[in-house]
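S.K.:
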Amino acid sequence: MLTERQLRILQVIVDDFIQTAQPIGSRAISNKQDVAYSAATIRNDMAELEQLGLIEKTHTSSGRIPSEKGYRFYVDHLLTPFHLSRQDTSAIKQTFSTNIRQMEEVVQQSAALLSELTNYTSIILGPELLETKLKHIQILTLSDFSAVMILVTDTGHVEHKSFRIPDGMDHAEMEKVVNILNDRLAGVPLMMVPGRLKSEVQELLKQHTVHFDTMFAYLRSFMETEQPLKLYFGGKTNILMQPDFQDLNKLRSLYTMIEEEGETIARLLKGEQNGLHVSIGTENKLSAMQDCSFVTASYTADGIHMGTVALLGPTRMEYSRVMSLMHVLTNKLTSAYQDWQK
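Sequential numbering of the sequence shown, starting at 106, is according to our numbering.
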């Protein structure tokens with residue numbers, strides 16, 4: 106259990122290293138205006154923090170820097186709320202102030218903005234078929250027992266799936282299903298269809314059709330198919346320009362991962378849970394990222410998970426500011442998706 110003084114000293118060490126990328130010693134800490142401890146007292150506490158594995162020595166200085174364990178403790182216990190500057194909030198507001206005609210452009214601009222504000226590499230995972238909308242749905246009877254459901258998009262793409270006609274379902278009831286689907290789903294972006302199916306279509310089918318349960322199950326299995334995903338990058342080389350990355354082999358593997366392992370990164374982001382998460386150093390699954398911190402946050406629309414925003418930076422990351430930026434940006438993306446589909 107750390108004392109209040111040790112917590113304060115650890116916080117100063119991490120905050121200072123994040124800003125300067127330089128090790129700090131006990132005398133430099135004691136000279137800070139908001140630190141009221143002597144250099145000798147600080148030195149003793151630093152020795153204990155080092156024993157606990159929260160800070161470590163470097164080869165080139167007598168000062169100390171945070172360890173990976175120290176960063177984790179800092180993120181979990183010592184972060185204070187960060188109020189974004191007027192400049193940050195203005196830049197975000199400007200990005201989302203224009204009328205949304207193409208969501209893909211908004212996502213690309215968001216990735217560029219995030220990398221510009223942080224000097225880290227931003228990655229946004231989103232649906233590939235952002236602009237594709239459902240044009241109409243048909244049901245064609247093949248026999249007394251089977252039919253095929255056909256979905257046509259505004260780009261001319263056609264999907265179809267055969268199904269068994271529920272016992273006792275006649276042509277009139279099938280026509281009701283088609284009318285409800287086209288009335289509620291025509292013109293809706295494909296990525297929004299599963300949400301609309303649940304929020305609007307489900308209750309109408311229940312009210313107007315006898316074979317509601319069976320038909321709704323067919324519709325869900327047909328329309329909740331997995332959408333292809335796409336990565337949007339911002340500041341691909343930003344991470345490589347950080348002073349933390351001097352080892353050429355590590356730089357090379359990091360650059361290769363960013364340039365060539367899009368599918369791997371997409372799978373990694375796809376597996377992220379809702380909410381905001383921070384992975385530090387060796388907590389990252391990809392070996393090329395094990396000297397980095399990776400912050401992810403999800404965004405939604407109509408309660409459906411739409412994608413993930415991520416920032417790749419050094420472990421010496423401005424965690425509090427980054428997490429505030431991610432929170433605001435994902436909320437803006439969620440609002441933008443909801444406004445765009447109206």
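No residue lacks a Cβ here, since even glycine has one placed at the ideal position from N, Cα and C.
#1: Looking at the strands, I want to know which residues DSSP matches up with alanine 415.
#2: Report buried or exposed for serine 202, applying the criterion of at least 16 other Cβ atoms within 10 angstroms of its Cβ.
#3: I need the DSSP call for histidine 265, collapsed to helix, strand or coil.
#4: From leucine 159 to proline 171, what does the alpha carbon distance come to, in whole angstroms?
#5: Can you check whether the CB of isoleucine 229 is closer than 8 angstroms to the CB of valine 383?
#6: Between the C-alpha atoms of glycine 292 and valine 263, what's the straight-line distance to the nearest angstrom?
#7: With DSSP as the reference, please indicate the residues paired to histidine 382 in a beta bridge.
#8: Can you name the start and end residues of the alpha helix (DSSP H) that isoleucine 255 belongs to?
#9: Measure the alpha-carbon distance for cysteine 397 versus threonine 226 and round it to whole angstroms.
#10: Give me, in chain order, the residues of the same chain whose beta-carbon lies closer than 6 angstroms to that of proline 419; leave out the 5 immediate sequence neighbours on both sides.
#11: Report, in whole angstroms, the separation of the C-beta atoms of glutamate 305 and arginine 289, which I expect to be a contact under 8 angstroms.
#12: Using the beta-carbon count (16 or more within 10 Å), is aspartate 181 buried or exposed?
#13: By DSSP, does glycine 158 sit in helix, in strand, or in coil?
#14: What distance in whole Å lies between the Cβ atoms of glycine 367 and glutamine 403, which are believed to be in contact at a cut-off of 8 angstroms?
#15: Relative to the C-alpha of alanine 217, which residue among Ala141, Ser440, Phe399, Tyr337 is closest?
#16: Any contact between the stretch 113-131 and the stretch 139-152? By contact I mean 3 or more CB pairs, one from each, below 8 angstroms.
#17: According to DSSP, simplified to helix, strand and coil, what is leucine 219?
#18: List the whole-angstrom C-beta distance separating isoleucine 344 from glutamate 173, where the pair is believed to meet the contact cut-off of C-beta under 8 angstroms.
#19: For lysine 238, list the residues DSSP reports as bridge partners.
M.R.: For this structure:
#1: Ile228, Thr401
#2: exposed
#3: strand
#4: 6 angstroms
#5: no
#6: 15 angstroms
#7: Thr401
#8: Taken as a continuous stretch (DSSP letters only), isoleucine 255 belongs to no alpha helix (DSSP H), being part of the beta strand (DSSP E) at 251-258.
#9: 11 angstroms
#10: Gln347, Asp349
#11: 5 angstroms
#12: exposed
#13: coil
#14: One detail in the question is off: residue 403 reads as serine in this sequence, not glutamine. At roughly 19 angstroms, the Cβ-Cβ gap does not stay under 8 angstroms, so serine 403 and glycine 367 are not in contact.
#15: Tyr337
#16: yes
#17: helix
#18: No, isoleucine 344 and glutamate 173 are not in contact; Cβ-Cβ is about 17 angstroms, not under 8 angstroms.
#19: Pro294
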